[in-house]
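The sequence shown begins at 22 in my numbering and counts up by one.
Ideal Cβ positions, reconstructed from N, Cα and C, are used throughout, including at glycine.
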Amino acid sequence: MQLNSAARLRMYVILLSALLTACAANVTSVDDAQPTEARDDMGYLVLGIDERSRFRSILMHGEDTVRITADSLIEGSNFIVYPLEAGNYNFDSFYLSSSFKVRLDSENWQVKIEPNKLTYVGHINVSMLGLFSGAAIQLNNRSSEALAFLSSNYPKLLSQFEVAYGGPGDDPYMSYVATLSNATPISNQTEQAEQAEQAEQAEQAEQAEQAEQIEQAEVSQ
């Protein structure tokens, strides 16, 4: 039986996907006590997995191809810290089980690992929609939580490498932390950044309240 061009293309895609999956290296988080060496072509992936999320594995394609599993998580936490070649990556496939795979939208799942930096790319959250409805998978930004985790568990790495945000969109909070003096302990940096964020939120709330009062005054007139 001869296959038409569309069928052959589908077969090639399936074979290529299987080949990339087979070649993927399993991610094992590093220990803060392990010796580290700064390299211009390497950075560190910092990824959070929501504690309520259940999954079998996640594939990342880019400069390297890696497979993230539940065993990749640092014991007693929901974070992964792993050295990767610096560059652009895509979260490609999300396996909820051996037979249930979700293909991720590449545009919303592109991340960048910065050289010589601890690059936080976000928190993965998985919500099951029902037995036959699939799952909703999101990449959320919880950078303050990531910084607090690194401060408590990776003080050595933090003394050697700057932190950066490499997930979708921009993160003013992480950028603010990066601008603080290197002499300031990261725990103090996190506290200062949180205070600045709280002050900004309070100012925005006050402005919103003032705008509402003005609107009410105009209505009463």
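Exercise. Expressed to the nearest angstrom, what Euclidean distance is found between the alpha-carbon atoms of A107 and A156?
Worked result: Between the alpha carbons of A107 and A156 lies a gap of roughly 30 Å.
* What residue range is occupied by the uninterrupted beta strand (DSSP E) comprising A91? -> Here A91 belongs to no beta strand (DSSP E), and DSSP marks it neither H nor E.
Would you give the residue range spanned by the alpha helix (DSSP H) that A107 belongs to? That residue, A107, is in no alpha helix (DSSP H); it is neither H nor E in DSSP.
* A46 burial status per 10 Å Cβ neighbour count (16 or more: buried) -> Within 10 angstroms of the beta-carbon of A46 lie fewer than 16 other beta-carbons, which makes it exposed.
Per DSSP, E183 forms a beta bridge with which residues?
K138
>> Helix, strand or coil, according to DSSP, for L80 in the structure here?
In response: strand
- Message: Can you find the residues in the same chain that come closer than 7 Å, C-beta to C-beta, to G83, ignoring five residues on each side of it along the sequence?
- Response: G108, N109, Y110, N111
_Other residues of its chain near L139: CB distance less than 8 Å, five sequence neighbours each side excluded_ = Only residues of its own chain outside the window of five on either side were considered, and among them G64, Y65, V67, V102, L171, Y175, L178, L179, F182, E183, V184, A185 have a CB closer than 8 Å to the CB of L139, listed in chain order.
Thinking just about the alpha-carbon of each residue, which of G69, G187, R73 is nearest to the one in N137? G187
*Output yes or no for whether 9 Å exceeds the beta carbon distance between V147 and R75.*
Yes, these two residues count as a Cβ contact at 9 Å.
Using the C-alpha atoms, what's the distance from P104 back to R163? Going by the C-alpha atoms only, they are around 21 Å apart.
Once DSSP output is grouped into helix, strand and coil, what is the label at A226?
Residue state, collapsed to three classes: helix.
### Query
When the distance is taken between beta carbons, is I79 closer than 9 Å to S114?
yes
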